[in-house]
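K.L.:
Residue 317 is where the sequence shown ends in the working numbering, and the numbering goes up by one at each step.
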Amino acid sequence: MDLKDFLVGYLDIPSPTIFDAKVIPFLRDYNIVKSEAILSNLHSIIYVALGYQMWFLATRWLLFPPLTKWRLSHSKVPNDEKKAKKLNIEAAIHFVSFLQTLVVVYLSLIFLCDGDKTSNYDTVNARIFGRSRDTEIITVYAIGYFVWDVYISVLHSTLPFVLHGIISTVVFTIGLKPYIQYYAPVFLMFELSNPFLNLRWFGLKYLPTENRVCSIALLINNLLLLIFFFSARIAWGWYQIGKLTWDFYTVHTDPRFLWLDSSIIVGGNLVLDVLNAIWFGTMLSVAFNVITKRKKD
């Protein structure tokens, strides 16, 4: 069994009896959820969120405490319990973020690199209104993570992170309806920069940055972060939002076209693309300052 078989099989776990007997009929009968695709995958979304929560708990209580204790014992900062607890929580959150990036990027790349599967979305109508089990699975994993992200952000983070999780959940849930489901793996290519972002965080928190080897490793990682951030979030991102907007314009007279959903998706992506450009400028500024400081030293 390869990784894809495992990920697909995880979503094939049957739904609890109470879902089929109580929850789904209630949501359907009262028109709370109209999409059959969402209803049929609701239990899988919860399974994904619970899976990430299990990883969070395992790493928070088992993996990171000894690493944190070791790191704080070698730092100049006093090793207090409050600081260690906070670092363990932050590390576990970054670990789950790293893990989910590997999952969705892996599934998305498999789909996008398979000409037979992407050929099903060659037409504008297919890209906007079409669906397939492959893109559905990718969308379910994305929603499951962002549901978990909202929960964990409410407990341990700030309002902007909560809002980001809510907006992302809404956008990918729209995709599951189905609506622009093809674009789920396309826009998840943004995540290509995330592993380097998380590795940078782990490096700064746990590695002895004064060590030359560690310093060089962090520098290489930072360069890769800049390259992938620009390639995935700016070059790819701006191109794809342009393509999506044109697809929307092409089918806007179709009765199936959803004005509100389309506006949310285009508006949200445009805001994110602008923020990505601002963040990239900030990253370049920081990198420039670090380089010039080293030259002066």
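Just so it is clear, CB atoms sit at the ideal spot from N, CA and C, and this is done for glycine as well. Keep in mind it's a predicted model, so treat the numbers as computed, not measured.
With 16 as the cutoff for other CB atoms within 10 Å, does Pro86 come out buried or exposed?
P.N.:
exposed
K.L.:
For the alpha helix (DSSP H) containing Val123, list its first residue and its last residue.
P.N.:
Glu101 to Leu132
K.L.:
Rounded C-beta distance between Ala204 and Ala162? I'm assuming under 8 Å.
P.N.:
6 Å
K.L.:
Any Cβ of chain D within less than 8 Å of the Cβ of Leu92?
P.N.:
Within the model displayed, chain D is absent; a lone protein chain is all it includes.
K.L.:
Are the CB atoms of Ile58 and Thr155 within a distance shorter than 8 Å?
P.N.:
no
K.L.:
Can Phe84 and Asn218 be called in contact, C-beta distance under 8 Å?
P.N.:
No; because the gap between Cβ atoms is not below 8 Å, this pair is not in contact.
K.L.:
To the nearest angstrom, how far is the alpha carbon of Lys106 from that of Tyr226?
P.N.:
About 14 Å.
K.L.:
Among Ser188, Val160, Ile247 and Leu224, which one has its Cα closest to the Cα of Ala237?
P.N.:
Leu224
K.L.:
My output table needs one value for Ile178: the three-state DSSP class, helix, strand or coil.
P.N.:
In the sequence under discussion, the amino acid at residue 178 is Thr, which differs from the Ile named in the question. The three-state reading of DSSP puts Thr178 in coil, since its state is none of H, G, I, E or B.
K.L.:
Please determine, among Thr88, Ser305 and Ser60, the residue with the shortest C-alpha to C-alpha distance to Ala41.
P.N.:
Nearest option by C-alpha distance: Ser60.
K.L.:
With distance defined between alpha-carbon atoms, name the residue in Lys103, Asn108, Gln260 and Glu230 nearest to Ala78.
P.N.:
Asn108
K.L.:
Label Pro198 either buried or exposed according to how many other C-beta atoms from any shown protein chain fall within 10 Å of its C-beta, with 16 as the threshold for buried.
P.N.:
Pro198 is classed as buried because its beta carbon has at least 16 other beta carbons within 10 Å across all chains shown.
K.L.:
Can you grab the Cα-Cα spacing for the pair Lys102 / Thr121, in whole Å?
P.N.:
29 Å
K.L.:
Which same chain residues, not among the five before or five after Lys137, have their C-beta less than 6 Å away from its C-beta?
P.N.:
Phe131 and Asp154
K.L.:
At what residues does the alpha helix (DSSP H) containing His63 begin and finish?
P.N.:
Glu56 to Ala78
K.L.:
Starting from Thr88, follow the alpha helix (DSSP H) in both directions and report where the run begins and ends.
P.N.:
Phe84 to Ser93
K.L.:
Look up Val53 in the DSSP assignment and say whether it is helix, strand or coil.
P.N.:
coil
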